[in-house]
Amino acid sequence: MWVYWTTSFSVCSLRRAKFPIIYPDPWLDYKVATRPSFRTFTPGLSRLRSFSQLQSPVVGERLFYMVANQKIVAAINEQMGNEFSAMLQYYAIAAHFGAEGLPELSAHFYKQAEEEKEHALRFIQFVIDTGARVKIPAVSAPQAHFEVAEDAVKLSLEQEEQVTTQINALVSMAKAEADYTVDNFLQWFIKEQLEEVASMGQLLRVVQRAGEGNLLRVEEYLAREKDSGVALSEEE
Ligand code: FEO
């Protein structure tokens, strides 16, 4: 169903004299909404204007958008890059452990990489669903080599902590803009990050306890966890 809310009404000029017809006027709404002084006091209407610039000229201008403003869409697009960056780093760590003859650690990080890809795809689909435009940023090359296993897992934990900070900042932005659609969407990531930080922290403790000379103990640990169905990182 199409609903249009207006504050502007015009009078039909042909019948102004005797039988005036009052009708809603979207063009007047647009003119008022784009006046700088009016935009200051009407965030709702200024959103309409800024988001119309994101739309395809083929589809045409829309009058209602699920996401509050361009700043949030830009930040979500940025987060897609962060998730893809995390994915690449995990693939690089998985390849490193594969080359070091540690197949369980390698498999663990391949799985983490797939999860990061899924996170990025969630953001992409969300932006599409809200009617905004996807713009994936460039990401830098991941670190490929590590002196010891502990360094790779430490980097992974730092990465998860950094993503948690990024997600929290997005939630703060959504709340500040009273954008409940974005806020609600991000709650899944809040829960996910708690799990990912906790599981990576646990793996780091296991690697530190085993020591570089006993990484086969870590391999046994990961194989056991996998077999028991209590993998370190469980997807919903
Ligand atoms: Fe998508 Fe593990 O952060």
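Mapping of the sequence shown onto the working numbering: position 62 corresponds to residue 48, and the numbering continues sequentially without gaps.
Ideal placement from N, C-alpha and C gives every residue a C-beta, glycine not left out.
* Asked: Using the C-alpha atoms, what's the distance from Pro123 back to Met66?
  -> 8 Å
* To do: Starting from the C-beta of Ile110, find all residues in its chain whose C-beta is less than 8 Å away, skip the five residues before and the five after it, and write them out in chain order.
  => Met66, Val120 and Ile122
* Asked: Taking one C-beta from the segment 152 to 166 and one from the segment 70 to 82 each time, how about it: are there three or more such pairs within less than 8 Å?
  -> no
* Identify every run of the alpha helix (DSSP H) within the segment 76 to 125, keeping only runs that are complete inside it and at least 4 residues long; order them along the chain. => With a minimum length of 4 residues, the continuous alpha helix (DSSP H) runs that stay inside the segment 76 to 125 are 89 to 116.
* Near Trp174, which residues of its chain fall below 6 Å by C-beta distance, leaving aside the five closest residues on each side in sequence? -> none
* Compute the Euclidean distance between the alpha carbons of Ile58 and Ala106, then round it to the nearest angstrom. => 16 Å
* Backbone secondary structure at Gln148 - three-state DSSP -> Secondary structure at Gln148: helix, using DSSP grouped into helix, strand and coil.
* Could you tell me whether the Cβ atoms of Phe95 and Ala85 are closer together than 9 Å? => no
* Asked: Does DSSP put Val(-11) in a helix, a strand or coil?
  -> Any reading at Val(-11) needs caution, since the residue's pLDDT is 48, under 50, leaving its predicted position unreliable; the model's value is listed next. Correct three-state label for Val(-11): coil.
* Answer with buried or exposed for Glu206, where buried requires no fewer than 16 other C-beta atoms within 10 angstroms of its C-beta. => exposed
* When burial is assigned at 16 or more other CB atoms within 10 Å of the CB, is Ala160 buried or exposed? -> buried
* Residues proximal to the ligand FEO by C-beta, any heavy atom closer than 6 Å -> Residues flagged by the Cβ proximity filter: Glu69, Ala72, Glu102, His105, Glu146, Val149 and Glu182.
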